[in-house]
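Take a look at the structure set out below.
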Amino acid sequence: MFCVECGREGELIGSVCKECFTKKNVVASLPDHVDLTLCAHCSSMETAKGWKDIGSIREAVDETIRSSVVLLKGGHISDMRIELSQKDERNLQADVSLMVSAHGAEFESRLSTIVRIKRGSCKECSKQQGSYYEAILQVRGPERNLPERTEDEVQRLVRDRVASMRKGSREVFISKVEKVKGGLDFYFSRIPAARTIARELESTMCAEYKESSSLWGKRDGKDIYRMTFMVRFQVFSKGDIIEHDSRLLLVTGMSKDMVHGIDISNSEERSFRLQDPGACKLVKPKSSILKAVVVAESEKEIQVLDPETMKTLDVRKPVGFSRKGEQVRLVKTKEGSFVLSDSW
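Each residue of the sequence shown is one higher than the one before, starting from 5 at the first, in the numbering used here.
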């Protein structure tokens, strides 16, 4: 087989050799310049399909150039290498080496272009900067205030969940967080995200849950509503000592409408439905439970050094008691003193 153009023998593309084919066909080309628009507020770039999160400007440049290369019909890029040099603050010189597969052959091409970097604002950031929201998550404490430890825990949970949701949709964000009398207000860009997190708080922290809606406006002739989700916590949480039905319980878990605990006097596990919040009384928050050094231990009792009086104290050991170190948790109440097993 020989080329009809130059007579060279070898593999042909149609009726011509590779060299003659490239003389008549442009395998790959780039415009004199390509524009790369980056959001000034977040790590995203504008593409033909919308805004997309990126890891670095280098990744954005690579993707912009790859999408700007015009290839011979039926060709695809099998390898691409880019060398960048800074021309000024907004312009980069890009020297591109390409390997293009087409018509059963590999073609090497060397191109160059100027990458013009521009700044813009993606749709989501524009909304966020404008305090756009579709739902409010109201988090409230039990007695017109939200304890600091609960506030920190809620802030951490909400932000972690939103960060996870954004991996699937850039439309999810919190436009603002307000400290208000009684708790916190989170302004959400999407109703489903706010509802999901509100339900999680209700389920994991045994909170009261309510939702309501209000007419916001119209879009394409349809009514648009904003949602408000209210979550109100109980006066106690996991790790606290409460009184319920004349029993002292260490709260070990909380789920929707249910409280789980251990009777600190006899080690019995108890669960009950929280229909009346007033039926429970906070005796000792977790933060006020004492740590006492063990002085001596027998089969039925344990002697500890009371950290408040610095005197030794003999306490009956609960059923199944175990400890991992030289200190134990000590609870002092009007009913007496109790030690908590490290297995609880």
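Quick reminder that beta carbons are idealized off the backbone N, C-alpha and C, glycines included.
Cβ-Cβ distance between I268 and L253 below 8 angstroms: For the purposes of this step, residue 268 is taken as residue 264 along the sequence shown, with counting starting at 1. For the purposes of this step, residue 253 is taken as residue 249 along the sequence shown, with counting starting at 1. Contact annotation: I268 and L253 have beta-carbon atoms nearer than 8 angstroms.
Option in I118, M103 and S217 with minimal Cα separation from T68: Position 64 of the sequence shown holds residue 68. Of the candidates I118, M103 and S217, I118 places its Cα closest to the Cα of T68.
Entirely enclosed beta strand (DSSP E) segments - the region 53-92, minimum 3 residues: For the region 53-92, the continuous beta strand (DSSP E) assignments of 3+ residues that do not extend past its boundaries occur at 54-57 and 80-92, in sequence order.
The region 86-106 touching the region 25-37, judged by at least three CB pairs closer than 8 angstroms: Yes: the two stretches touch, three or more of their Cβ pairs being nearer than 8 angstroms.
Alpha carbon of S341 to alpha carbon of E152, nearest angstrom: Locating residue 341 in the sequence shown gives position 337, counting from the first residue. Locating residue 152 in the sequence shown gives position 148, counting from the first residue. Taking the Cα positions, S341 is about 28 angstroms away from E152.
Stretch-stretch touch, CB-based, cutoff 8 angstroms, three pairs: the region 163-182 with the region 122-135: Enough Cβ pairs lie closer than 8 angstroms, so yes.
Check whether D271 and M262 have beta carbons under 8 angstroms apart: Reading the sequence shown from its first residue, position 267 is the one you call residue 271. Reading the sequence shown from its first residue, position 258 is the one you call residue 262. The amino acid occupying residue 271 in the given sequence is Ser; Asp does not appear at that position. Against a cut-off of 8 angstroms, the Cβ pair of M262 and S271 comes out as no contact.
Sequence-distant residues of its chain with Cβ nearer than 7 angstroms to F240 (five each side left out): Residue numbering aside, residue 240 sits at position 236 when the sequence shown is read from its first letter. Around F240: I246, V255, C284 and L286.
The region 68-81 / the region 155-162 touching (three or more Cβ pairs under 8 angstroms): No, the region 68-81 is not in contact with the region 155-162.
Closest residue to S217 among R94, A197, E138 and M5 (Cα-Cα distance): Here residue 217 corresponds to residue number 213 of the sequence shown, with the count starting at 1. Distances from the alpha-carbon of S217 to those of R94, A197, E138 and M5 put E138 closest.
Beta bridge counterpart(s) of T41 as assigned by DSSP: Along the sequence shown, one-based indexing puts residue 41 at 37. Looking at the DSSP assignment, T41 forms a beta bridge with K122.
Entirely enclosed beta strand (DSSP E) segments - the region 158-233, minimum 3 residues: Within the region 158-233, the complete beta strand (DSSP E) runs of at least 3 residues are 178-184, 187-192 and 212-223.
Burial state of W55 (16 or more Cβ within 10 Å): As a first step, residue 55 must be located in the sequence shown, where it is residue number 51. So W55 counts as buried.
Residue range of the unbroken alpha helix (DSSP H) whose run includes F25: Taking the sequence shown and counting its residues from 1, one reaches residue 25 at position 21. Here the alpha helix (DSSP H) through F25 covers K22 to K28.
Three-state class that DSSP yields for Q133 in the structure shown: As a working note, residue 133 is residue 129 in the sequence shown. Here Q133 sits in helix by DSSP.
Beta-bridge partners of H248, as assigned by DSSP: On the sequence shown, residue 248 is found 244 positions in, with the first residue counted as 1. R251 and C284.
Whole-angstrom distance between L294 and L334, CA atom to CA atom: Here residue 334 refers to the residue found at position 330 of the sequence shown. Here residue 294 refers to the residue found at position 290 of the sequence shown. Near 5 angstroms, if we compare the C-alpha coordinates of L294 and L334.
Cut-off 8 angstroms between Cβ atoms - residues of its own chain near M144, not counting five sequence neighbours on either side: Numbered from 1 along the sequence shown, position 140 holds the residue referred to as residue 144. Checking the sequence, you will find Arg at residue 144 rather than Met. The answer, listed in chain order, is L150, G186, G187, M234, V235, R236 and F237.
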